[in-house]
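*Asks:*
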Amino acid sequence: MAEKRYAMVIDVRRCISCFACSVACKAEMKVPLEVFATWLKIVEKGQDPNAQRFVLPRLCNNCGNPICTRNCPTRATWQREDGIVLVDQHRCIGCKYCIASCPYDVRYVNPLKNLVQKCYWCHHRLDAGLVPACVETCPTRALTFGDVNDPKSEVSKLLATSATQVLKKEMQTEPFVYYIGADEVAMSNVEEEINYYTESTLIKIRI
Amino acid sequence: MEQPDINVVYNVKHQLPLIIYIGQYFFFTGLSAGSFVISVIATLLGRKEFKPIGKITAILAPILLIIAPLNLIADLEQPLRFWHLFLYYNWTSPITYGSFLLTAYPIMGIIYAIMVYTNRQTAAKILGILGIPLAISVHGYTGFILALAKARALWNTAAMPTIFLVSAMVSGIGLVVIVAAIRWKWFDKKATPEQREQDKRLILQLAQFMAYTIMLDLFLVVSDILVLLTAHSDALEAGMLILTGNFAPLFVGVEIILGALIPMVLVLGPTRKSLTAAVVASILVNIGVYAMRFVMVIGGQTIPLS
Ligand code: SF4
Ligand code: SF4
Numbered sequence: 118m119a120e121k122r123y124a125m126v127i128d129v130r131r132c133i134s135c136f137a138c139s140v141a142c143k144a145e146m147k148v149p150l151e152v153f154a155t156w157l158k159i160v161e162k163g164q165d166p167n168a169q170r171f172v173l174p175r176l177c178n179n180c181g182n183p184i185c186t187r188n189c190p191t192r193a194t195w196q197r198e199d200g201i202v203l204v205d206q207h208r209c210i211g212c213k214y215c216i217a218s219c220p221y222d223v224r225y226v227n228p229l230k231n232l233v234q235k236c237y238w239c240h241h242r243l244d245a246g247l248v249p250a251c252v253e254t255c256p257t258r259a260l261t262f263g264d265v266n267d268p269k270s271e272v273s274k275l276l277a278t279s280a281t282q283v284l285k286k287e288m289q290t291e292p293f294v295y296y297i298g299a300d301e302v303a304m305s306n307v308e309e310e311i312n313y314y315t316e317s318t319l320i321k322i323r324i
Numbered sequence: 091m092e093q094p095d096i097n098v099v100y101n102v103k104h105q106l107p108l109i110i111y112i113g114q115y116f117f118f119t120g121l122s123a124g125s126f127v128i129s130v131i132a133t134l135l136g137r138k139e140f141k142p143i144g145k146i147t148a149i150l151a152p153i154l155l156i157i158a159p160l161n162l163i164a165d166l167e168q169p170l171r172f173w174h175l176f177l178y179y180n181w182t183s184p185i186t187y188g189s190f191l192l193t194a195y196p197i198m199g200i201i202y203a204i205m206v207y208t209n210r211q212t213a214a215k216i217l218g219i220l221g222i223p224l225a226i227s228v229h230g231y232t233g234f235i236l237a238l239a240k241a242r243a244l245w246n247t248a249a250m251p252t253i254f255l256v257s258a259m260v261s262g263i264g265l266v267v268i269v270a271a272i273r274w275k276w277f278d279k280k281a282t283p284e285q286r287e288q289d290k291r292l293i294l295q296l297a298q299f300m301a302y303t304i305m306l307d308l309f310l311v312v313s314d315i316l317v318l319l320t321a322h323s324d325a326l327e328a329g330m331l332i333l334t335g336n337f338a339p340l341f342v343g344v345e346i347i348l349g350a351l352i353p354m355v356l357v358l359g360p361t362r363k364s365l366t367a368a369v370v371a372s373i374l375v376n377i378g379v380y381a382m383r384f385v386m387v388i389g390g391q392t393i394p395l396s
């Protein structure tokens with residue numbers, strides 16, 4: 118059998134926007150306030166009373182060709198053989214170049230530790246034979262996790278039988294988070310540019 | 091078809107990774123590379139009247155390049171770990187090229203300055219010729235830092251390294267004009283009147299050279315924007331951001347009008363014989379280039395990714 122290559126399939130049609138994945142992630146990975154490793158993007162189309170809501174669970178794609186790994190100057194960001202992209206917390210210097218390079222805005226600076234972190238697909242749980250905390254928690258089983266190289270795994274079956282999409286395929290990062298039934302508007306950036314002048318981060322002196 | 095109203099109800103945006111320090115760092119390396127190139131040109135031409143300029147710039151280049159990386163270290167989340175850059179290099183990352191270039195170049199610059207000051211012409215010439223590729227790569231790689239961070243449409247263009255190089259030349263020459271004019275005004279009293287006249291002509295010539303580099307810079311910026319406006323949707327958004335969006339006042343107002351067009355008129359127009367005009371133009375040019383760094387680094391990140 119080929120080597121393991123983990124992937125996640127998110128069936129957006131099942132998602133009820135309960136944020137359980139986000140909460141489970143916060144508890145499992147001790148993600149501080151202000152930052153998120155996984156969250157839901159919710160977009161509303163149309164005016165009341167005919168408004169429709171569309172949701173898109175977001176997390177690091179643990180890409181097949183990750184730009185963050187390529188651009189990290191210290192090799193603190195590295196990729197395991199099973200595809201999980203990790204950040205070595207003892208080596209990262211916090212240059213944030215990986216955050217600037219990642220097309221998905223999924224990395225963050227941990228404000229308590231001043232280190233760059235992201236979703237690692239709970240590699241410690243995987244190594245213990247469990248699934249990631251978000252997958253475990255999801256009450257509607259919208260998240261499926263497994264090995265794409267194993268034809269009998271649940272993700273392989275889903276990938277073989279459903280129409281799937283990935284975020285920003287044109288970026289050549291080969292995302293390994295697949296979406297079923299995601300809305301096109303929710304998958305693209307629909308917001309106005311961030312107004313930098315009103316952000317308090319213009320000059321943030323760090324000590 | 092009428093697009094339905096679209097509102098983002100909830101989304102997470104993480105803090106912009108690269109802040110003003112990075113822009114400032116680009117600005118200082120640019121100044122340094124620009125003044126180094128001028129110094130080497132002056133040394134290579136070897137004429138006596140170029141000596142003072144060669145000397146001033148030889149000392150400016152390493153000083154600026156010692157200031158520049160301090161900005162980088164200040165921007166790190168873990169400044170005390172900066173030595174990881176050398177120990178755990180990664181050859182696919184432009185920052186790694188940078189950390190080695192940024193070490194080699196000031197050392198080279200200091201040796202070169204010593205040679206220039208002790209009048210060892212041949213050694214200075216050889217070092218200068220070797221140093222120019224180094225100076226160019228020190229600044230060129232900063233363009234690659236932005237260009238290779240593929241997420242941001244404003245950065246991810248092949249023109250970026252060249253734009254950075256040319257604007258470095260512009261601001262570097264501007265700085266040399268300012269410093270040379272200060273020297274001419276207050277520290278050049280011993281020279282004979284003819285010599286002073288000659289020095290002044292030289293400064294004015296430099297200012298004119300600056301105007302020509304501004305033209306090249308404008309050409310590159312315009313071609314970059316034209317391509318952005320015709321490329322994919324993210325690129326269009328990036329182009330509109332600096333032409334009409336939040337960053338338009340800084341880009342069109344400060345970078346293009348104040349920092350390029352007005353100095354060009356000052357230096358090539360009816361005031362071309364005046365030293366004051368040359369100095370004012372040089373100051374404006376430096377403000378413009380600083381604004382350019384700001385627009386590129388910060389503006390490029392304000393386009394949301396999701
Ligand atoms: S989504 Fe971004 S952070 Fe995650 S592996 Fe891909 S490039 Fe890296
Ligand atoms: S912030 Fe850390 S993980 Fe990211 S590129 Fe820099 S050293 Fe690598």
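Read top to bottom, the protein sequences are chains A and B. Using this note's numbering, you'd call the opening residue of the first sequence number 118 and step up by one each time. Using this note's numbering, you'd call the opening residue of the second sequence number 91 and step up by one each time. Heads up, the beta-carbon is just placed ideally off N, CA and C, and yes, glycines get one too.
With burial defined as no fewer than 16 other Cβ atoms inside 10 Å of the residue's Cβ, what is the status of B:V312: buried or exposed?
*Replies:* Per the 10 Å Cβ criterion, exposed.
*Asks:* Give the list of continuous alpha helix (DSSP H) stretches no shorter than 4 residues that lie fully inside the segment 302-355 of chain B.
*Replies:* The qualifying runs are 323-333.
*Asks:* With A:R197 as the anchor, note down where its alpha helix (DSSP H) starts and where it stops.
*Replies:* Note, A:R197: premise wrong, no alpha helix (DSSP H); not H, not E.
*Asks:* In whole angstroms, what is the alpha-carbon distance linking A:A124 and B:P223?
*Replies:* Roughly 45 Å separates the two Cα atoms.
*Asks:* Does DSSP classify A:Q234 as helix, strand or coil?
*Replies:* A:Q234: strand per DSSP, three-state reduction.
*Asks:* Note down the Cα distance separating B:V102 from A:A154, rounded to an integer number of angstroms.
*Replies:* Rounded to whole angstroms, B:V102 to A:A154 spans 10 Å at the Cα level.
*Asks:* Taking all protein chains shown into account, do 16 or more other C-beta atoms lie within 10 angstroms of the C-beta of B:M205, making it buried, or fewer, making it exposed?
*Replies:* By the neighbour-count rule (16 or more Cβ atoms within 10 Å), B:M205 is buried.
*Asks:* May I have the straight-line CA-CA distance separating A:S273 from A:Y295, to the nearest angstrom?
*Replies:* Using only the alpha carbons, I get a separation of about 11 Å.
*Asks:* Might you give, ordered along the chain, the residues of its own chain that have their beta carbon closer than 7 Å to the beta carbon of B:I109, omitting 5 neighbours on each side?
*Replies:* Cβ within range, chain order: D165.
*Asks:* Strictly under 9 Å for the Cβ-Cβ distance: is B:T193 near chain A by that measure?
*Replies:* Judged by the 9 Å Cβ criterion, B:T193 is not in contact with chain A.
*Asks:* Let me check one thing: in DSSP terms, what residues is A:P174 bridge-paired to?
*Replies:* DSSP, once it has assigned bridges, lists A:L157 as partnering A:P174.
*Asks:* For the candidate residues B:F126, B:L316, B:L244 and B:L395, whose alpha-carbon lies nearest to that of B:P196?
*Replies:* For B:P196, the nearest C-alpha among the options comes from B:F126.
*Asks:* Buried or exposed: where does B:V385 fall if 16 or more other Cβ atoms within 10 Å of its Cβ makes it buried?
*Replies:* Buried: at least 16 other Cβ atoms inside 10 Å.
*Asks:* Check each residue of the segment 209-223 of chain A: if its Cβ is closer than 9 Å to any Cβ of chain B, include it; give the result in chain order.
*Replies:* Those would be C209, I210, G211, C212, K213, Y214, C215, I216, A217, S218, C219, P220, Y221, D222 and V223, in chain order.
*Asks:* What does B:N161 reach in chain A if we use C-beta pairs closer than 9 Å?
*Replies:* What B:N161 touches in chain A: nothing, since even the nearest Cβ is about 12 Å away.
*Asks:* Residues in the same chain with beta-carbon distance under 7 Å from A:V233, minus the five sequence neighbours each way, listed in chain order, please.
*Replies:* V204, C209, G211, K213, C215, I216, R224 and V226.
*Asks:* With respect to the beta strand (DSSP E) encompassing A:F262, which residues constitute its N-terminal and C-terminal limits?
*Replies:* Segment L260 to D264, the beta strand (DSSP E) holding A:F262.
*Asks:* Closest by CA to B:A243, which one among B:V379, B:L326 and B:A367?
*Replies:* Residue B:L326 is the option with its Cα nearest to B:A243.
*Asks:* To the nearest angstrom, report how far apart B:H229 and A:N182 are at their CA atoms.
*Replies:* Taking the straight line joining both Cα atoms gives about 28 Å.
*Asks:* At least one CB of chain A closer than 9 Å to the CB of B:F172: is that the case?
*Replies:* Closer than 9 Å: yes.
*Asks:* Of the residues A:N179, A:P190, A:W156 and A:Q206, which one's Cα is nearest the Cα of A:Q196?
*Replies:* The option with the nearest alpha carbon to A:Q196 is A:N179.
*Asks:* Consult DSSP for A:Q282 and reduce its assignment to one of helix, strand or coil.
*Replies:* DSSP places A:Q282 in strand when its eight states are reduced to three.
*Asks:* Would you check if the segment 132-143 of chain B and the segment 238-247 of chain A touch, i.e. whether three or more CB-CB distances between them fall below 8 Å?
*Replies:* Touching, no.
*Asks:* Quick one, what's near ligand 1 if you take every residue whose CB is closer than 6 Å to any heavy atom, in chain order?
*Replies:* This criterion selects A:C177, A:N178, A:N179, A:C180, A:P183, A:I184, A:C185, A:V202, A:C219, A:Y221, A:V223, A:R224, A:K235 and A:T290.
*Asks:* Pull the bridge partners of A:K162 from the DSSP assignment, please.
*Replies:* DSSP, once it has assigned bridges, lists A:Q169 and B:I96 as partnering A:K162.
*Asks:* Label A:E287 either buried or exposed according to how many other C-beta atoms from any shown protein chain fall within 10 Å of its C-beta, with 16 as the threshold for buried.
*Replies:* By the 10 Å Cβ count, A:E287 comes out exposed.
*Asks:* Spatial neighbours of A:K321 within its chain, please: C-beta separation below 8 Å, excluding the five flanking residues on both sides.
*Replies:* Because A:K321 carries a pLDDT of 43, less than 50, the predicted location of this residue cannot be relied on, and no value is offered for it.
*Asks:* Have a look at B:Q391 and B:L175 and give me their C-alpha separation to the nearest angstrom.
*Replies:* About 24 Å.
*Asks:* Look at the Cβ atom of B:A123, then the Cβ atom of B:G262, and state whether they are nearer than 9 Å.
*Replies:* Closer than 9 Å, so yes.
*Asks:* Measure the beta-carbon distance from B:A368 to B:A281 and round it to whole angstroms, keeping in mind my assumption that it falls under 8 Å.
*Replies:* Rounded, the Cβ-Cβ distance is 19 Å, inconsistent with contact.
*Asks:* Name the residue from B:D278, B:F116 and B:Y207 whose alpha carbon lies nearest to the alpha carbon of B:I226.
*Replies:* Of the listed residues, the one whose Cα sits closest to B:I226 is B:F116.
*Asks:* Go through its chain and collect everything with a Cβ distance to B:I393's Cβ below 8 Å, but skip five positions before and after it.
*Replies:* Only R242, A243, L244, D324, E327, A328 and L331 meet the Cβ criterion.
*Asks:* Buried or exposed: A:D128, going by 16 or more other Cβ atoms within 10 Å of its Cβ?
*Replies:* A:D128 is buried by the Cβ-count criterion.
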